[in-house]
Amino acid sequence: MKPAAGKPTRRAARPIGDLVSALVEPVVARKAGMSLDLLGAWPEIVGPRLEEGCRPEKLVWPKGYGDETSEPATLVIACEGAFALRLQHEVQTILSRVNDFFGYRAVSKVKIVQRAIRTTRPNRKPAVAPLTAGNRDTIRDATARIESDRLRAALERLGESVIGRNAAAGKAPRR
């Protein structure tokens, strides 16, 4: 059945990723000299030890690239300070994997620049387990002779924190 004259035809829905990719790909290629495919494959290229602390920033192609005598590109990798040494030790492996990704020797050097990568910082607060009634009684008994209400309350909070952290870590309470 043909659509009636003057009525618009309905197109099938397309994934939003395809639409965004079509818009972003030319910008990334022009500004960074690389493709979104490399960004998408980055976690597989560097592995789980490095994926959260570094990302490819750009490919710097030499002047006259494409000539028979031209050199391959330099891959600029942005890296968190804590990951820089680890990344430096993995440079040859990363070069090999990036070139395998492209299917030819596209990259010959890596330049590491240190800058913030992660937008959220890891939670370094230790876990605190809930206290039992016996734990609360122990803390109350230990602080019962303290006359200052503020000092007693502060020491009770400290005791709750220490016992809760030790319980979360699986340590037995001291007596």
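In numbering that gives the first Met the number 0, the protein residues as written are 0 to 174. Where a beta carbon is used, it is the ideal one built from N, C-alpha and C, also for glycine.
Q. Pairing CB atoms from the stretch 106-114 with CB atoms from the stretch 91-98, are three or more of them under 8 Å?
A. yes
Q) DSSP on serine 107, reduced to helix/strand/coil? A) strand
Q.
Given this structure, state the Cα-to-Cα distance separating leucine 130 from glutamate 159, to the nearest angstrom.
A. 7 Å
Q: Measure the alpha-carbon distance for cysteine 78 versus alanine 141 and round it to whole angstroms.
A: 49 Å
(Q) So for glutamate 50, helix, strand or coil by DSSP? (A) coil
Q) Looking at leucine 74 and cysteine 53, is the spacing between their C-beta atoms short of 7 Å? A) Going by beta carbons, cysteine 53 and leucine 74 fall outside the 7 Å limit.
Q. Can you name, in chain order, every residue of its own chain whose Cβ lies under 8 Å from the Cβ of arginine 149, other than the five neighbours on each side?
A. none
Q: Return yes when the Cβ of alanine 40 is within less than 7 Å of the Cβ of leucine 58, no when it is not.
A: no
Q.
Comparing C-alpha positions only, which one of Ala132, Thr137 and Phe82 sits nearest to arginine 117?
A. For the residues Ala132, Thr137 and Phe82, the minimum Cα distance to arginine 117 belongs to Phe82.
Q | Reduced DSSP secondary structure (H/G/I, E/B, other) of leucine 35 | A | helix
Q: Please report the residue range of the beta strand (DSSP E) in which threonine 131 lies.
A: Neither: threonine 131 is in no beta strand (DSSP E) and is coded neither H nor E.
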